[in-house]
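What follows is a single structure, written as structure tokens, with notes after it.
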Amino acid sequence: MPIMSRSFAVASPGQGNRFLEKIASGETVVCAEGYLFELERRGYVQIGPFVPEASLKHPEAVRGLHMEFVRAGSDIVEAFTYYANRAKLRLLGKEDILEPLNRAALRIAKEVADETGTIMAGNVCNTTSYSPSMPSTWDEVRFQFREQCEWAAEEGAELIIGETFDHFGEAQIALEEIKRVGLPPVITFALANWTDGSKKGDKMLLQDDVGIIDACQRMHDGGATVVGLNCHHGPQTIMTPLTELRKFTTFPLAALPVGYRCTDTHPTMQEMSMAGMTYTDLDPHTCTRYDFDKFGRDCKQLGVQYIGTCCGCAPHHVRAIAMAIGRQPPAAANAPDLTKHFVFGNEEVLDAAGNLQGTQFSKAGSMCGASN
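Residue 294 is where the sequence shown starts when you use the working numbering, and the numbers rise one by one after that.
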């Protein structure tokens with residue numbers, strides 16, 4: 294597959310790149326990811342192939358979720374191009390819609406970012422084509438990244454997120470291709486255990502046996518603006534590797550966990566599923582907003598600058614993070630206030646409003662009720 298060469302200018306804070314300016318200032322950046330799973334729950338994506346055709350078939354659904362994430366506090370509008378690569382579309386026999394699909398997703402994200410004053414990001418991810426032992430795959434992976442990165446640059450992205458890499462080698466190719474189009478790279482790794490028993494994620498290893506601290510340092514040294522972890526681990530279990538990363542690094546770190554209550558014995562979401570039901574049976578393990586409130590506070594204390602969500606998360610999780618770090622996004626106006634509930638509320642609050650009549654505080658019992 295031929296790899297074409299084109300020239301792009303390199304972005305810098307002095308050229309008005311708002312993302313670089315935020316990072317340089319030390320400001321915390323909130324980034325909502327998790328479009329694939331949330332749109333699957335709403336009936337627009339199929340688990341298995343996970344191809345994001347919704348940007349062409351149901352653009353209103355994609356735009357609506359972008360708006361929800363922004364209202365909840367996301368600084369970044371990430372184009373829904375996760376798995377919108379040549380290999381994935383070939384799987385469905387739809388390579389002909391590759392460029393239209395990418396450009397549609399990028400334009401939807403750009404419209405929302407322009408309308409809301411937020412920052413639009415392009416997105417590439419693990420291609421499912423890469424093999425560390427087969428150099429013949431490396432050029433194909435590079436070509437897939439190159440076309441997606443070029444489209445992102447042409448459609449006005451201010452950064453490109455390269456995410457969910459469980460092989461260092463593939464992330465290295467993504468970093469090179471993002472830098473080639475002159476945009477700031479965010480690179481995040483997935484510490485995968487998968488289910489083969491190797492438990493490499495638990496050993497802080499990527500699948501090609503590169504240690505995660507070394508991998509992140511090399512990404513930073515190679516020009517990534519922000520480096521860190523996303524996906525697989527939940528907000529509780531991601532903190533162990535994240536704390537180790539913070540201990541040995543000084544550059545801006547990223548953390549974007551999945552929206553599931555992973556545990557010490559099942560630290561990744563894949564390990565929580567039953568055989569034959571991977572990803573489809575995780576609903577009972579969904580995190581609460583309080584899990585992400587704690588995650589946001591923990592990240593702030595640890596000095597993690599780029600915080601967000603991944604698979605399984607929804608806008609209320611993003612809102613919890615934003616509020617945990619001291620922000621009041623538009624959706625905060627509708628954050629819970631149980632003091633005004635007729636059963637679980639606060640007597641003084643309801644009395645002041647003239648609404649004591651009809652209250653049933655005695656029904657709450659000792660296990661429920663508003664915090665006093």
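For glycine and all other residues, C-beta sits at the position ideal for the given N, C-alpha and C.
Asked	Found
Would you tell me roughly how many angstroms separate the C-alpha atoms of A485 and G651, rounded to the nearest one?	53 Å
Taking all protein chains shown into account, do 16 or more other C-beta atoms lie within 10 angstroms of the C-beta of R383, making it buried, or fewer, making it exposed?	exposed
With a Cβ-Cβ cutoff of 7 Å, do H526 and Q500 count as a contact?	no
Considering only the alpha carbon of each residue, which of C603, A398, I453 and T321 lies closest to A483?	C603
Under 8 Å by Cβ, that's how I've got I600 and C592 pegged, so tell me the actual separation to the nearest angstrom.	5 Å
Give the straight-line distance between the Cα atoms of R379 and Q437, rounded to the nearest whole angstrom.	6 Å
Could you tell me whether the Cβ atoms of F373 and V355 are closer together than 7 Å?	yes
Evaluate the contact criterion for the stretch 358 to 375 versus the stretch 629 to 636: three or more CB pairs, one atom per stretch, below 8 Å.	no
Taking the alpha carbon of I480 as the point to measure from, which residue in G449, D502, V520 and V474 has its own alpha carbon closest?	V520
Suppose contacts are defined by Cβ-Cβ distances below 7 Å. Is D586 in contact with A617 by that definition?	yes
Cβ atoms of P608 and A365: under 7 Å apart, would you say?	yes
Starting from the Cα of G455, find the closest Cα among Y375, T430 and I369 and give me that residue.	Y375
Do A446 and L476 have their beta-carbon atoms positioned less than 7 Å apart in this structure?	yes
Compute the Euclidean distance between the alpha carbons of E451 and V370, then round it to the nearest angstrom.	10 Å
Give the range of the alpha helix (DSSP H) segment to which L595 is assigned.	R582 to L595
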